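So for the sequence shown, this note's numbering puts the first residue at 1044; every next one is plus one.
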Amino acid sequence: MADKNILIGVTGGIAAYKVVEVASRLKKSGANVKVIMTKHATEFITPKTFQEITNNAVSVDLFADAANFNVAHISLADFADLILIAPATANFLAKMAHGIADDLLTTTILAFDKKILLAPSMNTKMFENPATQANLNILKARGVQILEPASGNLACGTVGKGRLPEPAEICEEIEKIFAPKVLSGKKILVTAGGTVEAIDPVRYIGNRSSGRMGYEIAKSAVKNGAEVTLISGKAEIEPPNGLKHFVKVESALEMRNEVLKEFETADAVIMSAAVADYRVKTPAAQKIKKSSDNLTLELVKNPDILRELGTLKKNQVLVGFAAETQNVLDYANKKLVEKNLNFIVANDVTLEGAGFGVSTNIASIIWRDGSVENFSKMSKAELAEKIVQRLSKALNQ
Ligand code: C5P
1044 MADKNILIGV TGGIAAYKVV EVASRLKKSG ANVKVIMTKH ATEFITPKTF QEITNNAVSV
1104 DLFADAANFN VAHISLADFA DLILIAPATA NFLAKMAHGI ADDLLTTTIL AFDKKILLAP
1164 SMNTKMFENP ATQANLNILK ARGVQILEPA SGNLACGTVG KGRLPEPAEI CEEIEKIFAP
1224 KVLSGKKILV TAGGTVEAID PVRYIGNRSS GRMGYEIAKS AVKNGAEVTL ISGKAEIEPP
1284 NGLKHFVKVE SALEMRNEVL KEFETADAVI MSAAVADYRV KTPAAQKIKK SSDNLTLELV
1344 KNPDILRELG TLKKNQVLVG FAAETQNVLD YANKKLVEKN LNFIVANDVT LEGAGFGVST
1404 NIASIIWRDG SVENFSKMSK AELAEKIVQR LSKALNQ
């Protein structure tokens, strides 16, 4: 982390002592580290400790230097490439969420517009209190990154969630933030979830897609610096933070419309949505009554969105998915060529730990030159990371 300027805000929690090691590790990795402590933090550890570790003066008081008091918070905010708040107490989270600036740390934060990493640490009940959770949600929505507390023995004698993560883990997170971003400046369109095709106002034809794979891809693309639009059908989970646009759709026809609006300006499209191949020709205007013993629904073919993109494609990179129950590689290869894709992610959804609803996947990536990469079972988050790395390769070809 050479040449990075990191400002650590230490607030008044017992875990403050652990942050000495965080400061030390950051310093050893080449960063220039400065520390602001709140008054309460100095009850747990002295500024002198951080001063010795960082080789920089530690600031506590907004009005300490009478000549410069009005600029200390601005210069510290200007100095930092990143602010880490560890431990972040419940009181501090509440103040930050509501823009209160009553000491040097909170004032500096208001004057800061770059990346903030928060490591909350407190008693489990305080952490789980709806007030604290609401404050965390406000901060997340503002783009602040939250490092979830770990579970274990707490200083108050209880066991639960609320421990400050280990210094190595905190430093790893900071390293990730500064890692070069392979999709920086790229506009990526991701589709996810399953489409819903109406039968009548209350029933629909759907599928087992949970949206997990596509949401993880969107999350990984955001992390890698891309400007991401996520167009989602039905999904079981919340969209990731940091998206440029999030568009919720129901049917394949709606998804097609939204995808076509974005396609021309996109650098790449990852089509992971489970789009229904057929829809009901004429959905009933009223709820269908169970009057007869048989009911026949006439289905008509939906447009194949990805195939259409394949014909419209100029420089865009196109990535498709092939979820199969047999002859996986053959079918996937056929789709790769027919839909004019750069690569396709294929998986056998009958394997345990792969496909719909589960958090893991077992996939292969097939390229246009015929090469195949087989991955073992891994989390959808890990697979998403691999897909995004391949996407960056395809964008640079
Ligand atoms: O042909 P098949 O449906 O198996 O192809 C799967 C790939 O095509 C997926 O990437 C899926 O998102 C996309 N697809 C589509 N429009 C459809 C059906 C599938 O874009 N109507």
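Even for Gly, the Cβ is constructed at its ideal location relative to N, Cα and C.
From a predicted model like this one, the values you see are computed outputs, not experimental measurements.
Same chain only: Cβ atoms within 8 angstroms of L1338, ignoring 5 sequence neighbours per side: Shown here for L1338: same chain residues with a beta carbon closer than 8 angstroms to its own, the five before and five after excluded, namely I1331 in chain order.
Cβ-Cβ separation, V1401 to R1385 (assumed contact under 8 angstroms), whole Å: The identity of residue 1385 in the sequence shown is Asn, whereas the question assumes Arg. Under the criterion of beta carbons closer than 8 angstroms, N1385 and V1401 do not qualify as touching, at roughly 27 angstroms.
Which of the three DSSP states is assigned to L1342 in this structure? Here L1342 sits in strand by DSSP.
Using 8 angstroms for Cβ pairs, my map puts L1434 next to V1360. What's the rounded Cβ distance? So it is a contact: roughly 6 angstroms between Cβ atoms.
Pull up the CB-CB distance for I1405 and K1420, whole angstroms please, since I reckon it's below 8 angstroms. Indeed they touch by this definition, with Cβ atoms about 5 angstroms apart.
State the CB to CB distance for the pair E1218 and M1044, rounded to an integer number of angstroms; the pair is presumed to be in contact (CB under 8 angstroms). The Cβ separation is near 7 angstroms, so the contact holds.
Whole angstroms are fine: how far does the CA of L1232 sit from the CA of E1305? Taking the Cα positions, E1305 is about 7 angstroms away from L1232.
Any heavy atom of ligand 1 closer than 8 angstroms to the beta-carbon of S1275? Between ligand 1 and S1275, a heavy atom-to-CB distance of less than 8 angstroms is absent.
Taking buried to mean at least 16 other C-beta atoms within 10 Å of its own C-beta, is S1294 buried or exposed? Result: buried.
Please classify A1174: is it buried, with 16 or more other beta-carbons within 10 angstroms of its beta-carbon, or exposed? It is exposed - the Cβ of A1174 has fewer than 16 other Cβ atoms within 10 Å.
Sort out for me which residues DSSP pairs A1120 with in a bridge. For A1120, no pairing in a beta bridge is given by DSSP.
Taking the beta carbon of V1388 as the centre, do at least 16 other beta carbons fall within 10 Å, making it buried, or is it exposed? Burial is judged here by how many other beta carbons sit within 10 angstroms of a residue's own beta carbon; V1388 has at least 16 and is buried.
Hey, out of L1207, I1189, Q1188, whose CA is closest to N1196's CA? Comparing Cα-Cα distances from N1196 to each of L1207, I1189, Q1188, the minimum goes to L1207.
Let me make sure I understand the geometry here. Which of A1375, A1261, F1093, L1153 has the alpha-carbon closest to that of V1062? Distances from the CA of V1062 to each of A1375, A1261, F1093, L1153 were compared; the closest alpha carbon is that of F1093.
Within 8 angstroms: the Cβ of V1343 and any heavy atom of ligand 1? V1343: no, Cβ never under 8 angstroms from ligand 1.
Whole-angstrom distance between R1255 and A1073, CA atom to CA atom: In the sequence under discussion, the amino acid at residue 1073 is Gly, which differs from the Ala named in the question. Rounded to the nearest whole angstrom, the CA to CA distance from G1073 to R1255 is 37 angstroms.
Please report the distance separating the alpha-carbon of R1251 from that of A1327. CA-CA distance, R1251 to A1327, rounds to 24 angstroms.
Residues in the same chain with beta-carbon distance under 6 angstroms from V1431, minus the five sequence neighbours each way, listed in chain order, please. Once the five neighbours on either side are set aside, the close Cβ partners of V1431 are S1263, A1264, N1267.
Can you say whether D1146 is buried or exposed, counting buried as having 16 or more other CB atoms within 10 angstroms of its CB? Counting the other CB atoms within 10 Å of its CB gives D1146 a total of 16 or more, which places it among the buried residues.
Candidates N1300, R1299, V1271, G1249: which alpha carbon is nearest A1278's? The candidate whose alpha carbon is nearest that of A1278 is G1249.
Can K1324 be considered in contact with ligand 1, in the sense that its beta carbon sits closer than 8 angstroms to one or more heavy atoms? K1324 Cβ: outside cutoff for every heavy atom of ligand 1.
CA-to-CA distance, G1236 to S1407, given in whole angstroms: Those two C-alpha atoms are separated by around 20 angstroms.
Candidates M1169, K1230, P1223, M1165, of which the one nearest A1198 by Cα: Per the C-alpha coordinates, the member of M1169, K1230, P1223, M1165 positioned closest to A1198 is M1165.
Any idea which residues DSSP pairs M1314 with across the strands? According to DSSP, M1314 bridges with T1234, G1363.
Please list, in chain order, all residues of the same chain as V1065 whose beta carbon is under 8 angstroms from its beta carbon, the five residues on each side excluded. Result list for V1065: I1051, L1127, A1129, P1210, I1213, C1214, in chain order.
E1386: beta carbon under 8 angstroms from a heavy atom of ligand 1? Residue identity check: residue 1386 is Phe in the sequence provided, not Glu. No, the beta carbon of F1386 sits no closer than 8 angstroms to any heavy atom of ligand 1.
Within 10 Å of its beta-carbon, does P1163 have 16 or more other beta-carbons around it, so buried, or fewer, so exposed? Under a 10 Å Cβ-count criterion, P1163 is classified as buried, with 16 or more other Cβ atoms of the shown protein chains found around its own Cβ.
Can the beta-carbon of M1042 be found closer than 9 angstroms to that of L1148? No answer is possible for residue 1042: the residues shown for the chain start at 1044 and end at 1440.
For E1240, tell me which candidate among E1351, A1375, P1346, P1090 has the shortest Cα-Cα distance. When C-alpha distances from E1240 are compared across E1351, A1375, P1346, P1090, the shortest belongs to P1346.
What separation, rounded to the nearest whole angstrom, lies between the Cα atoms of A1058 and K1204? Rounded to whole angstroms, A1058 to K1204 spans 14 angstroms at the Cα level.
Could you compute how far the alpha carbon of Y1258 sits from the alpha carbon of T1150? Rounded to whole angstroms, Y1258 to T1150 spans 35 angstroms at the Cα level.
Could you check whether the Cβ of M1256 sits closer than 8 angstroms to any heavy atom belonging to ligand 1? At a cut-off of 8 angstroms, the beta-carbon of M1256 does not count as near ligand 1: no heavy atom of the ligand is closer than that.
From A1193 to T1234, what does the alpha carbon distance come to, in whole angstroms? Those two C-alpha atoms are separated by around 33 angstroms.
What is the residue span of the beta strand (DSSP E) that P1130 lies within? Taken as a continuous stretch (DSSP letters only), the beta strand (DSSP E) holding P1130 covers 1125-1131.
Are there any heavy atoms of ligand 1 lying less than 8 angstroms away from the beta-carbon of T1234, as far as the coordinates show? Yes.
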